[in-house]
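Protein chains in written order, with this note's numbering: chain A, 72 to 653; chain B, 72 to 653.
Ideal Cβ positions, reconstructed from N, Cα and C, are used throughout, including at glycine.
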C-alpha cells in the first residue's frame, strides 16, 4: 500500500494515528535541528517535520537528499502543530515520520511548480506534464470535468440520450477545411474527421431518437488564430418535434443549471434580442450586455452643419460613456489611437464632454454651437459627467468599429467583471450572407438551417432578407453556442443547395443520404451546439481556451510536447498508396 | 407546439383531456366505419380511433392518405378504450382526433420497422436511420447511454477526473497500424489517430492528476475481422500511487456497480486466476467460467499402451462433459468434425462414455482394457452418465483446440446462458511473448507494462519467464478489459525498449517525451481499459458489437450509408502536399 491518506486529508481528528502519505516534495527547509518537508499531491499539502536530533540517522540522511519534485512516500505519526497554519487545510497537523521512501527522484524542473510560475508559455507547453502539476491548471481541468458531468446528468434527466457519432466520416467541402484520413483498405479514398456531427444528429432525429446529445471532439483544418485549436469539443444537441421556443427553453435551462450547480450563480431567464437589434444597438451579433452603452444614431442630429466628415458619412453613431467626462486629453488620444488601429479601421474619433458643471465641450466645437451640442446630449440622454464618443463613415464598418470602442470603454470603466455573467439569446439571424469573395450566397449558419416559414416566399426574390430560425447563445459578449431549426423536407433542402451554388450532382454526391432520409418520414427537428472549451474558460473566468485543454496544440497546430505532427515511414505511405509531393 | 405528450405517456388518468401527440404511423387498419392508426415515437405507441361516420370528412380523407412511417401530428381527446390492450403501456386509452396534420409524408420503407424486420444486414446498414427506428436497435443504444452515465458517475464519486486526451497525435509503429492525418500546415508531416490514450494518461499521472478516466474513441487500421470496427470506444482509466491490488478492487467495484445499477444483477466478488492456471485448466487466457469442465491432463494415465497417437503426443488432455454419455454417434461425429476444422486443427477426437449402467465404452477400446478406462474415469472424476472427450498432440495447439471444444460443449449443454454472468480476473501474465514471425520478443500487453519486481532479475537470463503486473477482466469468456502496473523509471523503460528491438534512437524519437517525463518525478501508477462496445453488447446479451454502435462500419471499413471513405478533390490533395500513387 503506497498511501493510507492523501496529502489533503489529515485533520486534528487524525492526531495520534500512524499514516502513510505519498506525493511530490513541494519544498524543504533545513534549519539544522529542525527539517520541514512540504509534501504535495492533487488533494493538498501536508507538512512533515523532523527533529533531526531525535530522529533516526538514516531518516535524516534520506530527507537531506530530497529535492523539489522528488516522489516520496512517508510513514509516520500525525501530531498537532505548535503553530497552526490556516493557509492550508491540513494546517492543524504535521507528520513525524518513521520512514521516508524515495519512490522516484526528480531532475530540477525547468520552471517552478507554483501557482505563479516563472516558466514562459513555450517551456510550459513542452513540459506540459509539469505544468499540469500546478494548481491553477489542474483546477481548470477539474472545472471542465465538473461541467461535463453536470451537463450529462442534466440532459439525461430530460431524456436526452448520449449517442456517439462516427469520427471517420466523409469530406464535404462546404464550410471550413476538413482533416482527411487516407484509407488503406480503399486505396485512393479518404475519410474525413467531422467538423461537427451535424448530419448524423439529424439522421438520429430521422431515426426517432427524439433527444440526442454528445460531448464530442470536432476538427477543423483552419489557419489557427490566437485561440483556435484544430481539435475542439462541443456539447452537441438535437431534438425532434420541437419549435425554436422549445429549444431556447431547454438549453437556457441547461446553462442556468450549470451556473447554479458548478458556480452557485443564479442566472435570470435569458433575454432575447433580434439580430437586427443586436447590430443596430451594439454593432455586433454577440453583444456583451453586462453593460448598456447602446449605440445612438445621430444622422438626424449632426448633419447639415459645416462638419464635412459627418455630412459625408453614411452613418454617424455614438455611445455615451457614463461618468467619463473627466477623461484626460491623454486618455482621449489613446481612444483615438485605438479606433484608428488597422483592425478597427475608423478614421477618427469625435468626442463631447458633458461636464459636471453642465457645460459641454466637444472636439468639433468650431462646427457646432452650444445649442447643437445640447441636441447631442438629448439624443444620448447624457447626464452631467458623461462622455459622448462618436464615429462616422460607411455604415457597417462604422458599427463594427464602434462596437470595438464600446467594448474597450466597457473594459476601461470596469463594466466587464469576469465574475458577473450576462447571458442572452440573439435570434432571427439572416439565412444567407452574400460573399464578395465567391460572388454568391453563403449559409450564415449552415446549409441545413430552416428559413422562417413567413419569409420563405422571399427566397427567390430577396434571398438576403430571408430570416432563419437560427439563434446564438451569448454570454458576456462571447458566442457560446448556436443552432437552428433544421430543414426536414427534401425539396426545400435541395432548393437551399441550389442557392448555395451546388450543382444537383454535387448536392446528391455529398448530402444525398440526408435528402434521401428526409423522404422516409423525417420529423421537424432542431438543435444547437455549445463550444465546450469556450464555456469552460468562461466559467473559469479566463480568456484563453488553451488553459482548459489538457494537451493543447500551439498556433501552428503542433503538439510540442510529443513533437507532432511528424514524418511517417515510407512503408506507411506505401501501404496507404500515397506519396509526398516534392 | 408540436406535442403536449409523447406516444408512450397517456394513461387512464388522462381521459377527457385534449392532447397533441406526434410521431410515425406504425400501421393503419381501415374497417370502413372504424379506422385505427397506431402512432409511434421513441416512448411508445398510442392508438388513434376514428369513427368515420361521426368524424369530419376532411379528417377521414387525411387519415386515408396516410402510409407507413408518415410523420403526423394528432390533436384530439383521450378516451377510455372499450377493449383494453395490455400489450402496450397506453393500452387503456385511445385518442379521438379533432385534427390530423401530415408533418412529412414517407416513401414505403425498404424493410419493415418492426422488432423482427424483413430487412437483411446490407439494406439495414444502408438505411441505418430507418433501422434505428426499430425498438431492439434503439434499446441497445439506450443501454449504452445508461452504462456510460453510470460509469461516469461511479468514477466521479471516487474522485476520478475525466480528461480529454488529444485525437491528433503521433504515429508509433509498435502495435497495430495507425490511421494517419496529413498536416496541411506542416507539409510532409502527419498526425496519427490514437490506438489508445496510453502515453497521455501516463503523463497525466506524472502531472499529478492521480485518478483519470475517459470514455474515448480509439482507432486501429487493422484488417477487419467479423466483429472489429476501425473506430471503437474504451473506458480508459489510470491511477497513481497504487499497486495491482488497488486497481483490481477499484474496477471490480465499478463493474459490480454497473451490473447492479443497469441490470439489477448482483455479481459476487471477482475470483482471480493466474495466466498459468487459465492455460492449464482452460487452454485459454480468457476462460468462460460460467461452467467448470476443467482440463484433465492424461499423459500419466494413457501413455505406454498400444495407442500410438497418445504415445507420440506431447500432451493428452481431456474434458468431462457431465451427462453427455448418451450422445449419439451422429453427435459425436459432429464433435469430431468440429475439432478437425482448420481453425481448430485437431487431428481427431477420442471419447469414452461412462454409461449410466456403470459400463465404459470408448472409441479406442481395442487399445485399452476396462481397467485402463476405469483409470480414465478416476482421472476425470467422472460420474455415470458423463462423456469424456480427449485430444492429443503438440501441447499448445492441443490446449487451444480443447478450449474450443470445451466452449462448444458448454454451448451444447446449455451452460452458457447469456443472462448469467461470470466475471473474474486473469492475473500474472507473462511480460513478453516470442514471435516466430519477427524472431524477437514482443510485449504481451504493451511496452509500458511493469515486470513483477521479484522477476526482474530474470529479464536478461530468461525474458520469457518474467511475469508482468498485468491483468485482464474476463466476463463470460470475453476479455472485457485489461491493464497493468506501468514502468515509471526511465532506465527500466529504456531496457524494455531494448528487449523489444528498438534502437536507442528509435525509442528516443517515439517515446522520448515519456522517458523524459519519468525523470521529473513520476509516481508509481497503473490502470486499465475496458472495451466499451464489447461491454455494452455483453450487457445486452448479444454477440456482435455492431448492434451497439449507432453508425457502424462494415467489414471493409466502409460506412455504406454515407458512402465513405470516398475520393477527395485534387485541390485538397494539393493543399496537403500529397499525391495518390498510381
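On a Cα-Cα basis, can you pick out the residue from the options that is closest to residue i?
i, options, result
"residue 457 of chain A", "A:426, A:517, A:445 and A:267", "A:426"
"residue 557 of chain A", "A:214, A:276, A:154 and A:101", "A:276"
"residue 315 of chain B", "B:165, B:184 and B:498", "B:498"
"residue 480 of chain B", "B:284, B:409, B:85 and B:295", "B:409"
"residue 624 of chain B", "B:291, B:173 and B:239", "B:291"
"residue 106 of chain B", "B:133, B:94 and B:413", "B:133"
"residue 97 of chain A", "A:84, A:86, A:111 and A:104", "A:111"
"residue 120 of chain A", "A:109, A:114, A:128 and A:127", "A:109"
"residue 369 of chain B", "B:460, B:161, B:147 and B:208", "B:460"
"residue 305 of chain B", "B:429, B:222, B:390 and B:357", "B:222"
"residue 570 of chain A", "A:73, A:517 and A:634", "A:517"
Excluding sequence positions up to five away, which residues of its chain have a Cβ less than 6 Å from the Cβ of residue i?
i, result
"residue 407 of chain A", "420"
"residue 434 of chain B", "421 and 422"
"residue 585 of chain A", "270"
"residue 636 of chain A", "none"
Per DSSP, what kind of secondary structure is residue i in: helix, strand or coil?
i, result
"residue 615 of chain A", "coil"
"residue 557 of chain B", "strand"
"residue 147 of chain B", "strand"
"residue 596 of chain A", "strand"
"residue 425 of chain A", "strand"
"residue 398 of chain A", "coil"
"residue 283 of chain A", "strand"
"residue 669 of chain A", "For residue 669 of chain A there is no data in the structure shown, the boundaries of chain A being 72 and 653."
"residue 251 of chain B", "strand"
"residue 299 of chain B", "coil"
Distance cutoff 8 Å, beta carbons only. Does residue i sit that close to anything in chain A?
i, result
"residue 648 of chain B", "yes"
"residue 277 of chain B", "yes"
"residue 515 of chain B", "no"
"residue 72 of chain B", "yes"
"residue 174 of chain B", "yes"
"residue 87 of chain B", "no"
"residue 267 of chain B", "no"
"residue 713 of chain B", "With chain B covering 72 to 653 only, the question about residue 713 of chain B has no answer from this structure."
"residue 573 of chain B", "no"
"residue 523 of chain B", "no"
"residue 482 of chain B", "no"
"residue 425 of chain B", "no"
"residue 93 of chain B", "yes"
Verify the CB distance criterion: does residue i have a CB-CB separation below 8 Å to chain B?
i, result
"residue 540 of chain A", "no"
"residue 257 of chain A", "yes"
"residue 216 of chain A", "yes"
"residue 241 of chain A", "yes"
"residue 509 of chain A", "no"
"residue 640 of chain A", "yes"
"residue 635 of chain A", "yes"
"residue 196 of chain A", "no"
Among residues of its own chain, excluding the 5 on either side of residue i, which ones have a beta-carbon nearer than 8 Å to its beta-carbon?
i, result
"residue 243 of chain A", "249, 263, 581 and 582"
For residue i, which residues from the same chain have a beta carbon less than 7 Å from its beta carbon, with the 5 sequence-adjacent residues on both sides left out?
i, result
"residue 331 of chain B", "337"
"residue 648 of chain B", "258 and 259"
"residue 327 of chain B", "338"
"residue 171 of chain A", "130, 133, 134, 143 and 145"
- Query: Taking three-plus beta-carbon pairs below 8 Å as touching, is the region 486-498 of chain B in contact with the region 529-545 of chain B?
  - Reply: Enough Cβ pairs lie closer than 8 Å, so yes.
- Pair every Cβ in the region 347-364 of chain B with every Cβ in the region 435-453 of chain B, then say whether three or more of these pairs are closer than 8 Å. In the pairwise beta carbon analysis, the region 347-364 of chain B is classified as not touching the region 435-453 of chain B: fewer than three pairs are separated by under 8 Å.
- Task: Assess, as a yes-or-no matter, whether the region 75-84 of chain B is touched by the region 643-650 of chain A under the definition of 3 or more beta carbon pairs within less than 8 Å.
- Result: Counting C-beta pairs closer than 8 Å gives fewer than three between the region 643-650 of chain A and the region 75-84 of chain B, which falls short of the contact rule.
- Is there contact here, the region 614-623 of chain A with the region 297-307 of chain A, by at least three beta-carbon pairs under 8 Å? In short, these stretches touch, since the Cβ pair count reaches three.
- Counting pairs of Cβ atoms below 8 Å between the region 138-154 of chain A and the region 562-571 of chain B, do you hit three or more? Too few Cβ pairs lie closer than 8 Å, so no.
- Message: Three or more C-beta pairs under 8 Å: does that hold for the region 228-240 of chain A against the region 210-224 of chain B?
- Response: Touching, yes.
- Message: Closer than 8 Å is the cut-off here; do at least three beta carbon pairs connect the region 387-399 of chain B with the region 460-478 of chain B?
- Response: For the pair of segments examined, the region 387-399 of chain B was found to touch the region 460-478 of chain B: the number of CB pairs separated by less than 8 Å reaches three.
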